[in-house]
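>
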Amino acid sequence: MTDSSPATDPAADFSPDDAEVIQEPRLWHKDGWTARVIKNEDDDGWAVAMIKDGEPEPALVGPWTMGRDKKNPKPLDTSAFNTLVKTASEVLRRHEQQLHAQLHKRMSVETGEGDVEVTLDIVPDEYEPYALLSALDAFGERIAQVRVAPNFKLTKARAQAWAEGGFGRVE
2 MTDSSPATDP
12 AADFSPDDAE
22 VIQEPRLWHK
32 DGWTARVIKN
42 EDDDGWAVAM
52 IKDGEPEPAL
62 VGPWTMGRDK
72 KNPKPLDTSA
82 FNTLVKTASE
92 VLRRHEQQLH
102 AQLHKRMSVE
112 TGEGDVEVTL
122 DIVPDEYEPY
132 ALLSALDAFG
142 ERIAQVRVAP
152 NFKLTKARAQ
162 AWAEGGFGRV
172 E
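The opening residue of the sequence shown carries number 2 in my numbering; numbering runs sequentially from there.
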(Lines of atoms letter the chains of each structure in order from A and count residues from 1; the text may use other names and numbers.)
(Lines give C-alpha, C1' and ligand atoms only; values in the text may rest on other atoms or scores of the structure.)
Protein backbone atom coordinates (compact mmCIF):
# COMPACT_ATOMS: atom_id res chain seq x y z
CA MET A 1 0.00 0.00 0.00
CA THR A 2 1.35 3.42 -0.97
CA ASP A 3 0.78 6.51 1.15
CA SER A 4 -0.16 9.43 -1.13
CA SER A 5 -0.64 12.02 1.57
CA PRO A 6 0.72 15.49 0.80
CA ALA A 7 3.64 14.91 3.17
CA THR A 8 4.96 12.02 1.06
CA ASP A 9 3.69 12.95 -2.42
CA PRO A 10 6.52 14.82 -4.19
CA ALA A 11 4.09 16.36 -6.70
CA ALA A 12 2.10 17.98 -3.88
CA ASP A 13 5.01 20.27 -3.02
CA PHE A 14 5.70 21.30 -6.62
CA SER A 15 4.88 24.81 -7.77
CA PRO A 16 5.90 26.65 -10.96
CA ASP A 17 8.35 28.71 -8.90
CA ASP A 18 10.20 25.50 -8.03
CA ALA A 19 10.57 24.47 -11.69
CA GLU A 20 14.05 23.43 -12.52
CA VAL A 21 16.25 25.62 -14.63
CA ILE A 22 16.97 24.08 -18.03
CA GLN A 23 19.85 25.42 -20.11
CA GLU A 24 20.28 23.33 -23.22
CA PRO A 25 21.47 24.55 -26.62
CA ARG A 26 17.90 24.59 -28.04
CA LEU A 27 15.79 24.76 -24.88
CA TRP A 28 16.00 27.11 -21.90
CA HIS A 29 13.55 27.35 -19.03
CA LYS A 30 14.04 29.90 -16.28
CA ASP A 31 12.02 32.45 -14.29
CA GLY A 32 8.67 31.42 -15.75
CA TRP A 33 9.76 31.48 -19.40
CA THR A 34 10.70 28.81 -21.91
CA ALA A 35 12.75 29.54 -25.03
CA ARG A 36 12.64 26.79 -27.63
CA VAL A 37 14.63 26.87 -30.87
CA ILE A 38 12.55 25.22 -33.60
CA LYS A 39 12.95 24.41 -37.27
CA ASN A 40 11.39 27.14 -39.41
CA GLU A 41 8.59 25.50 -41.39
CA ASP A 42 8.82 28.04 -44.22
CA ASP A 43 12.49 27.60 -45.11
CA ASP A 44 15.77 26.02 -44.07
CA GLY A 45 16.27 28.43 -41.17
CA TRP A 46 15.47 28.34 -37.49
CA ALA A 47 13.08 30.21 -35.21
CA VAL A 48 12.79 30.73 -31.47
CA ALA A 49 9.50 30.59 -29.55
CA MET A 50 9.12 32.27 -26.17
CA ILE A 51 6.39 30.78 -24.00
CA LYS A 52 5.34 32.12 -20.61
CA ASP A 53 4.55 29.38 -18.07
CA GLY A 54 0.87 28.50 -18.09
CA GLU A 55 0.14 30.04 -21.49
CA PRO A 56 -1.02 27.84 -24.38
CA GLU A 57 0.53 29.97 -27.13
CA PRO A 58 3.96 31.58 -27.51
CA ALA A 59 4.17 35.26 -26.64
CA LEU A 60 6.83 35.70 -29.30
CA VAL A 61 8.11 33.72 -32.28
CA GLY A 62 10.99 35.12 -34.29
CA PRO A 63 13.87 34.14 -36.52
CA TRP A 64 16.92 32.54 -34.93
CA THR A 65 20.53 32.80 -36.02
CA MET A 66 22.31 29.98 -37.81
CA GLY A 67 25.41 28.58 -36.20
CA ARG A 68 28.92 28.65 -37.68
CA ASP A 69 28.25 25.55 -39.77
CA LYS A 70 25.34 27.39 -41.53
CA LYS A 71 23.21 24.30 -40.97
CA ASN A 72 22.34 24.11 -37.28
CA PRO A 73 21.03 26.88 -35.01
CA LYS A 74 23.25 28.95 -32.79
CA PRO A 75 22.90 27.65 -29.20
CA LEU A 76 20.92 29.69 -26.70
CA ASP A 77 22.96 31.53 -24.07
CA THR A 78 22.28 33.74 -21.06
CA SER A 79 22.44 37.01 -22.97
CA ALA A 80 20.15 35.82 -25.75
CA PHE A 81 17.66 34.32 -23.28
CA ASN A 82 17.52 37.52 -21.22
CA THR A 83 16.96 39.60 -24.37
CA LEU A 84 14.20 37.24 -25.51
CA VAL A 85 12.49 37.41 -22.10
CA LYS A 86 12.60 41.22 -22.19
CA THR A 87 11.20 41.35 -25.73
CA ALA A 88 8.44 38.80 -25.07
CA SER A 89 7.47 40.60 -21.84
CA GLU A 90 7.17 43.86 -23.77
CA VAL A 91 4.96 42.18 -26.39
CA LEU A 92 2.65 40.90 -23.64
CA ARG A 93 2.59 44.31 -21.93
CA ARG A 94 1.61 46.07 -25.17
CA HIS A 95 -1.07 43.46 -25.85
CA GLU A 96 -2.53 44.02 -22.36
CA GLN A 97 -2.48 47.80 -22.87
CA GLN A 98 -4.27 47.45 -26.21
CA LEU A 99 -6.90 45.14 -24.72
CA HIS A 100 -7.43 47.52 -21.79
CA ALA A 101 -7.86 50.44 -24.21
CA GLN A 102 -10.46 48.46 -26.17
CA LEU A 103 -12.43 47.50 -23.08
CA HIS A 104 -12.26 50.79 -21.13
CA LYS A 105 -13.18 54.23 -22.45
CA ARG A 106 -13.26 57.47 -20.47
CA MET A 107 -14.22 61.05 -21.24
CA SER A 108 -15.22 64.20 -19.43
CA VAL A 109 -18.43 66.18 -19.99
CA GLU A 110 -19.64 69.44 -18.50
CA THR A 111 -22.92 69.53 -16.61
CA GLY A 112 -24.75 72.16 -14.56
CA GLU A 113 -23.27 70.57 -11.43
CA GLY A 114 -19.69 70.55 -12.80
CA ASP A 115 -17.45 68.22 -14.77
CA VAL A 116 -18.42 64.55 -14.88
CA GLU A 117 -16.27 61.61 -16.00
CA VAL A 118 -18.20 59.14 -18.13
CA THR A 119 -16.69 55.67 -18.41
CA LEU A 120 -17.56 52.63 -20.47
CA ASP A 121 -16.26 49.29 -19.23
CA ILE A 122 -16.88 46.29 -21.48
CA VAL A 123 -17.18 42.93 -19.73
CA PRO A 124 -16.21 40.32 -22.36
CA ASP A 125 -18.16 37.42 -20.84
CA GLU A 126 -18.08 34.35 -23.08
CA TYR A 127 -21.85 33.80 -22.90
CA GLU A 128 -23.39 37.17 -22.08
CA PRO A 129 -21.03 40.08 -22.78
CA TYR A 130 -22.19 43.51 -21.64
CA ALA A 131 -20.87 46.95 -20.80
CA LEU A 132 -21.31 49.32 -17.88
CA LEU A 133 -21.75 53.01 -18.56
CA SER A 134 -20.89 55.02 -15.44
CA ALA A 135 -20.83 58.66 -14.40
CA LEU A 136 -18.37 59.86 -11.75
CA ASP A 137 -18.33 63.25 -10.05
CA ALA A 138 -15.24 65.39 -9.48
CA PHE A 139 -14.41 63.34 -6.35
CA GLY A 140 -14.60 60.01 -8.18
CA GLU A 141 -17.92 59.07 -6.59
CA ARG A 142 -20.32 57.20 -8.85
CA ILE A 143 -23.38 59.27 -9.71
CA ALA A 144 -25.02 56.75 -12.02
CA GLN A 145 -24.43 53.42 -13.72
CA VAL A 146 -26.41 51.60 -16.39
CA ARG A 147 -25.90 48.36 -18.25
CA VAL A 148 -25.59 48.73 -22.02
CA ALA A 149 -24.84 46.50 -24.98
CA PRO A 150 -21.17 45.47 -25.35
CA ASN A 151 -21.05 47.20 -28.75
CA PHE A 152 -22.22 50.53 -27.30
CA LYS A 153 -20.16 53.35 -28.81
CA LEU A 154 -19.21 56.01 -26.30
CA THR A 155 -18.89 59.40 -27.99
CA LYS A 156 -18.74 62.89 -26.56
CA ALA A 157 -22.24 63.61 -27.93
CA ARG A 158 -23.73 60.45 -26.40
CA ALA A 159 -22.06 61.10 -23.04
CA GLN A 160 -23.32 64.70 -23.04
CA ALA A 161 -26.85 63.59 -24.01
CA TRP A 162 -26.84 60.97 -21.23
CA ALA A 163 -25.77 63.61 -18.69
CA GLU A 164 -28.36 66.13 -19.91
CA GLY A 165 -31.03 63.44 -19.72
CA GLY A 166 -30.32 62.93 -16.02
CA PHE A 167 -28.20 59.75 -16.43
CA GLY A 168 -31.24 57.58 -17.11
CA ARG A 169 -31.60 54.52 -19.27
CA VAL A 170 -29.62 54.57 -22.51
CA GLU A 171 -31.03 53.31 -25.80
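Virtual Cβ for every residue (Gly too), placed ideally from N, Cα, C.
Tell whether a beta-carbon distance below 9 Å holds between ALA89 and ALA60.
Cβ distance < 9 Å, so ALA89 and ALA60 count as in contact.
> Taking the C-alpha atoms as reference points, what is the distance between ARG27 and THR35?
Using only the alpha carbons, I get a separation of about 10 Å.
> Around the Cβ of LEU100, are there at least 16 other Cβ atoms within 10 angstroms (buried) or fewer (exposed)?
Looking at its Cβ environment, which holds fewer than 16 other Cβ atoms inside 10 Å, LEU100 is exposed.
> Go ahead and label VAL117 buried or exposed: buried means 16 or more other beta carbons lie within 10 angstroms of its beta carbon, across all protein chains shown.
With 16 or more other Cβ atoms within 10 Å, it is buried.
> For PRO130, does the count of other Cβ atoms within 10 angstroms reach 16, so buried, or fall short, so exposed?
With fewer than 16 Cβ atoms within 10 Å of its Cβ, PRO130 is classed as exposed.
> From the DSSP output, read off the bridge partner residues of PRO64.
Looking at the DSSP assignment, PRO64 forms a beta bridge with ALA48.
> For PRO64, count neighbouring C-beta atoms within 10 Å of its own C-beta (all shown protein chains included) and say buried if the count is 16 or more, exposed if not.
So PRO64 counts as exposed.
> If we call anything under 9 Å between Cβ atoms a contact, is LEU137 one with VAL147?
Not a contact, by the Cβ cut-off of 9 Å.
> According to DSSP, simplified to helix, strand and coil, what is VAL86?
Looking at VAL86 - three-state DSSP - the assignment turns out to be helix.
> Is ALA150 helix, strand or coil by DSSP?
Looking at ALA150 - three-state DSSP - the assignment turns out to be coil, as it is neither helix nor strand.
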